[in-house]
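Contents: one structure, followed by commentary.
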């Protein structure tokens, strides 16, 4: 089931998965166990996620569960990412070291190759 899902991802969802992989790689490399950092990120996620939910709901239309999850996940990722990288020499979203960038880009490249292999016609025949 997950393999079929990954094989059928739209370009937009594929980009979102790449964003998530980048985030997870950087978080793993720059982990900070500070409860304040994570609690603040959860708080920001709640406030901003709720506002995003309000902006996408209306006239009897409510987004599906995965969309709602993403509306809350994205602010959490953005706020925790910015807190983790503050003062560490990042250029925009890129770490200062070549190794950190290579790890994140390598994980994304592996994901894209894996996904390309899944899209081959023989995989699900």
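Residue numbers (our numbering): 59 to 183. All C-beta atoms in this analysis are idealised placements derived from N, C-alpha and C, irrespective of residue type, glycine included. Since the structure is predicted, the reported quantities are computational estimates derived from the model, not experimental observations.
Here the alpha carbons of residue 178 and residue 105 stand approximately 42 Å from one another. Only residues of its own chain outside the window of five on either side were considered, and among them 135 have a CB closer than 8 Å to the CB of residue 78, listed in chain order.
Residue 98: member of the alpha helix (DSSP H) spanning 93–114, first to last residue. Partner residues in the beta bridge of residue 149, as assigned by DSSP, are 152.
In this structure, the alpha-carbon of residue 139 lies about 9 Å from that of residue 99.
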